[in-house]
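What follows is a single structure, written as structure tokens, with notes after it.
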Amino acid sequence: MLGEPSTDLAVVGNPVKDAFEAFAASDGRKLKLEIEPGTFLLANAGAVVTSVQDKVCSFEVIREGGTR
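Under this note's numbering, think of the first position of the sequence shown as 94, with each following residue one higher.
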């Protein structure tokens, strides 16, 4: 949010990168990591713009008095 410090992805990611490179050097296998960053990293990254294509009601509404 406004005024809060942002996350420095290099600070967060470099230790993980270093650990993966060390593992590859010692084990001979390269690892691949995929993450979903989520709100913590992306909350202030932009805006969502949407539009409604269709609106349906998937249940019956029972009116006052018990009639349908």
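Virtual Cβ for every residue (Gly too), placed ideally from N, Cα, C. The structure displayed is predicted, hence computed values, not measured ones.
Taking DSSP as the reference, what is the three-state secondary structure of residue i?
i: Gly139; result: coil
i: Gln152; result: Contrary to the premise, residue 152 reads as Phe rather than Gln in this sequence. Note: Phe152 maps to coil in three-state DSSP.
i: Gly96; result: coil
i: Leu134; result: helix
Is the beta carbon of residue j closer than 9 Å to that of residue i?
i: Leu126; j: Ala117; result: no
What is the residue span of the alpha helix (DSSP H) that residue i lies within?
i: Gly106; result: Leu102 to Asp120
Check whether the stretch 129–137 touches the stretch 97–108, counting contact only when three or more Cβ pairs, one atom from each stretch, lie closer than 8 Å.
-> yes
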